[in-house]
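Have a look at the structure below, then the notes.
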Amino acid sequence: MALYAAYASNMDPEQMAARAPHSPMRGTGWLSGWRLTFGGQDKGWDGALATVVEDRFDQVFVVLYDVPSWDEQELDAWEGAALGVYRKTRVRVQTLDGDALAWIYVLDDYEGGLPSARYLGILADSAEKAGAPDDYVKSLRERPCKSLGD
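According to full-length UniProt numbering, the residues represented by the sequence shown are 1 to 150, in order.
Put into structure tokens, the structure is as follows:
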């Protein structure tokens, strides 16, 4: 069983139940020393994709899931890890119960670009469903984004 830290749409427990049905939510925490950003370009989402980069002055809210190997393979397929879209990295997550080692997906592309308003809304909704602090959800909703047709 591996511990996965979700920071984007996989924060939504319902979405994770559909993608990885044998992977229960363990809790939440923070990636200290990391910053949520966007990069690359995805036609399906009409904009840049969520990723994280190291930044010692920032932190990212995450949802932790216990993931067995068969669900991990399914998540890899969903996230495009086999295609090189995202790569997996091990990180330390700060939780109320102490630090935990987990893996995350990091976009294997350049940082920059704007997410679509639709994608950003899904991320903010996912964070809210997972119990992220109100100020964190608000900061997601206020991030710059592009509307369709830009």
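Glycine is no exception: its CB is placed at the ideal position from the N, C-alpha and C atoms. All figures in this text were calculated on a predicted structure; none of them were measured in a lab.
Look at Y119 here: in three-state DSSP terms it is helix. The continuous stretches of alpha helix (DSSP H) do not include A132, and DSSP gives it neither H nor E. Residue S139 holds the alpha-carbon nearest to the alpha-carbon of D58 among G27, S139, L101 and W78. Counting along the chain, A102 sits inside the beta strand (DSSP E) bounded by residues G98 to L107. By the C-beta density criterion, L31 is buried, having at least 16 other C-beta atoms within 10 angstroms. If you ignore the 5 residues before and after L101, its C-beta comes within less than 8 Å of the C-beta of L3, R90, V91, R92 and V93, all in its own chain and listed in chain order. Beta bridge pairing from DSSP links A50 with F38.
For A77, the enclosing alpha helix (DSSP H) has its first and last residue at S69 to E79. Looking at Y119, A127, R87 and V67, the one whose alpha-carbon comes closest to that of H22 is V67. Under the DSSP assignment, A18 falls in the alpha helix (DSSP H) whose first and last residues are P13 to R19. Residue pairing by DSSP places S32 opposite Q59 in a beta bridge.
A contact is defined here as three or more CB-CB pairs under 8 Å, and the segment 97 to 115 meets this definition with respect to the segment 32 to 42.
Short of 6 Å from the beta carbon of N10, and not among the five residues preceding or following it, lie these beta carbons of its own chain, in chain order: M16.
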